[in-house]
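Notes follow the structure.
In our numbering, the protein residues as written are 1 to 148.
So, in structure tokens, the structure goes:
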């Protein structure tokens, strides 16, 4: 499916069913390969996967495997976003999970796990608002994304 068709679906999908459109955008994005993605799709993909992983298995499982450059790119973008709480919560879980002292033993500090639990709670409480944010993000970057 191409992005122009996905935008048509986005415009006709109720926000309560946004997760269906989100999955389509994410799949299309992942098929492109990370090296070919513009920053807007990297950011979208990061937030989508962060959000989805939290709902499925807990956000710490996302942070422990995500590339630090992707996290920093998204954090930088979110720092200028009007929803400061999203920026704060996203950054709260960014730690050196891939540090050699944790590889193989996953002996993360308890504070990191506690923080991730509070992020998961926040995501659950703000699920609808996160869908709305994602939708607006896609609409703001429509021209750039459809030009791919």
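By construction, the Cβ of each residue, glycine as well, lies at the ideal position given by its N, Cα and C atoms.
Span of the alpha helix (DSSP H) around residue i
i: residue 91; result: 84-92
i: residue 98; result: Taken as a continuous stretch (DSSP letters only), residue 98 belongs to no alpha helix (DSSP H), as it is neither H nor E.
i: residue 119; result: 110-125
i: residue 24; result: 18-32
i: residue 61; result: 60-63
i: residue 37; result: Residue 37 -> no alpha helix (DSSP H), and no H or E assigned at all.
i: residue 15; result: Run containing residue 15: none; DSSP gives neither H nor E here.
i: residue 144; result: 142-146
i: residue 70; result: 68-79
Among the options, the one whose alpha carbon lies nearest that of residue i
i: residue 98; options: 34, 109, 89 and 4; result: 109
i: residue 78; options: 63, 23 and 40; result: 40
i: residue 117; options: 104, 83, 63 and 36; result: 63
i: residue 83; options: 36, 107 and 132; result: 132
i: residue 32; options: 11, 2 and 19; result: 2
i: residue 26; options: 46, 11, 36 and 15; result: 46
Distance CB(residue i)-CB(residue j) smaller than 8 Å
i: residue 130; j: residue 51; result: yes
i: residue 44; j: residue 138; result: yes
i: residue 134; j: residue 54; result: no
i: residue 29; j: residue 21; result: no
i: residue 38; j: residue 136; result: no
i: residue 42; j: residue 73; result: yes
i: residue 24; j: residue 34; result: no
i: residue 119; j: residue 89; result: yes
i: residue 146; j: residue 4; result: yes
- Is the region 88-107 touching the region 59-70, taking contact as three or more C-beta pairs under 8 Å? yes
- Message: When you compare the region 117-129 with the region 66-76, are there three or more beta-carbon pairs, one atom per stretch, that lie closer than 8 Å?
- Response: no
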